[in-house]
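Enquirer:
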Amino acid sequence: MESNADAADALRQAERAAAAPYIDYPPTPAWYPPATGLWAAAFCLATAIPSDDPTRAAALGLLVVLELGFVAWYRRYRGTWPRGRAPQEVRSVMRAFVVGAVAVVALVGALLWRTTPWLSAVVALVVVTAAIALYERAYSSAAARARARLA
Amino acid sequence: MSQFGLDPVIHAPKRLAAMALLCNAVDADFAFVRDHLDVSASDLSKQMAELARAGYVDIRKQGRGPGASTTYRITRAGRRAYQAHRAALRAILATDDEGVAGPATPSA
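Residue numbers (the working numbering), protein chains in the order written: chain E, 1 to 151; chain Y, 1001 to 1108.
1. Taking only beta-carbon positions, decide if Y/A1052 is within less than 8 Å of chain E.
2. Counting only the same chain and skipping the five closest in sequence on each side, list residues whose C-beta sits under 7 Å from that of Y/V1033.
3. To the nearest angstrom, how far is the alpha carbon of E/E136 from that of Y/T1095?
4. Does any C-beta atom of chain E lie closer than 8 Å to the C-beta of Y/R1086?
5. In whole angstroms, give me the CA-to-CA distance for E/A124 and E/F43.
6. So which residues on chain Y does E/Y113 lean against when the C-beta distance must stay under 8 Å?
7. When you compare each of E/T80, E/L62 and E/P50 to E/I171 by their alpha carbons, which one comes out closest?
8. Of the residues that make up the region 1-14 of chain E, which ones have a beta carbon closer than 8 Å to any beta carbon in chain Y?
9. Identify each residue in the region 1008-1035 of chain Y for which the Cβ-Cβ distance to at least one residue of chain E is less than 9 Å, and report them in chain order.
10. For the alpha helix (DSSP H) that E/S92 lies in, which residues bound it at each end?
11. Give a yes or no on whether 8 Å exceeds the smallest Cβ distance from E/A17 to chain Y.
12. If you reduce the DSSP assignment to three classes, tell me which class E/Y25 lands in.
13. Confirm, please, whether the CB-CB distance from E/I132 to E/T36 is below 8 Å.
14. If you follow the beta strand (DSSP E) that Y/Y1072 is in, where does it begin and where does it stop?
15. Strictly below 7 Å CB to CB, what residues from chain Y border E/A20?
16. Does the beta-carbon distance from Y/L1016 to E/Q13 come in below 8 Å?
17. Any idea what DSSP makes of E/W73, helix, strand or coil?
18. If the cut-off is 9 Å on Cβ atoms, which residues from the region 81-104 of chain E count as contacting chain Y, listed in chain order?
19. Please confirm whether E/G69 has its beta-carbon closer than 8 Å to some beta-carbon of chain Y.
20. Tell me, please, whether the CB atom of Y/L1089 is closer than 8 Å to any CB atom in chain C?
21. Around the C-beta of E/A58, are 16 or more other C-beta atoms found within 10 angstroms, so that it is buried, or is it exposed?
22. Would you mind reading off the limits of the beta strand (DSSP E) that contains E/W154?
23. Please decide whether Y/I1092 counts as near chain E, where near means a Cβ-Cβ distance under 8 Å.
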């Protein structure tokens, strides 16, 4: 007969397995934060190209293709693509990421509007690189806490 | 469907873990699922084939030879079945709290 403990154990194992797409992943490459910063800087410069210049569409298109290529590569590298309810430790980091991303986009957008594309690009490079590095560190720590809780 | 609403296909621990994992992923590749379940390649193939036969998982194979890849994705029916199974496990916990015995332990 299955006991209360068996059912509880099955649910615990299911919870650990459900968390796996979020917390079991290979180390994020060291080049990822600066590459994202460079991408953001390039985006700032591309948006500054006059809209009647075909180079603008080509540059923006290239950046989109690069981003999609990165997502496809990262999905293969990670072996999965999480969706649905993340473990509680990771959820708080993801919420902070969304808030941070909105703040960074607002800052860089304001700079693009009020100052020069080059200044915006430099700020985007520095801020995005730092923000992504911080996020990666916070995510990694949250994932480790979730793994320990669910072990 | 067994007594208490437990799904016999999902009830086996390895398949339950696979379903829980896939329920929280767009998809997952063979190596990821194998490593998480800590099973051999042949055992994983067997367990996933069972889930696919029940219509709970789609198996997508790409290419042949060393570069080939296998990806698993939960189906809508699989998601519903998994959620019902979890609810049944929770109900067993609640029922057991009242001193009533549950169904037989799975063997796989």
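In this text, a Cβ means the ideal position worked out from N, Cα and C, and glycines have one as well.
As the structure is a computational prediction, the values presented were derived from the model and not from experiment.
Expert: With the given structure in hand:
1. no
2. Closer than 7 Å at the Cβ level, and outside the excluded window around Y/V1033, lie A1018, L1021, L1044 and Y1072.
3. 43 Å
4. Residue-level contact check: Y/R1086 touches chain E, since one or more beta carbons of chain E fall below 8 Å from its beta carbon.
5. 9 Å
6. Reading the sequence as shown, one finds Trp at residue 113 of chain E and not Tyr. Those do not exist, as E/W113 stays about 36 Å from chain Y at its closest Cβ, beyond 8 Å.
7. Any answer about residue 171 of chain E is impossible in this case: the structure gives chain E only from 1 up to 151.
8. Listed by position along the chain: M1, E2, S3, N4, D6, A7, A8, A10, L11, Q13 and A14.
9. H1011, P1013, L1016, A1017, A1018, M1019, A1020, L1021, L1022, C1023, N1024, A1025, V1026, D1027, A1028, D1029, F1030, A1031, F1032, V1033 and D1035
10. That run of the alpha helix (DSSP H) goes Q88 to R114.
11. yes
12. Looking at E/Y25 - three-state DSSP - the assignment turns out to be coil, as it is neither helix nor strand.
13. yes
14. Counting along the chain, the beta strand (DSSP E) containing Y/Y1072 begins and ends at S1069 to I1074.
15. Correct list: L1021 and H1036.
16. yes
17. In the three-state scheme derived from DSSP, where H, G and I count as helix and E and B as strand, E/W73 is classed as helix.
18. W81, P82, R83, G84, R85 and A86
19. no
20. Here chain C cannot be found, since the structure's protein chains are E and Y.
21. exposed
22. Here chain E has residues from 1 to 151 only, and residue 154 of chain E is not among them.
23. yes
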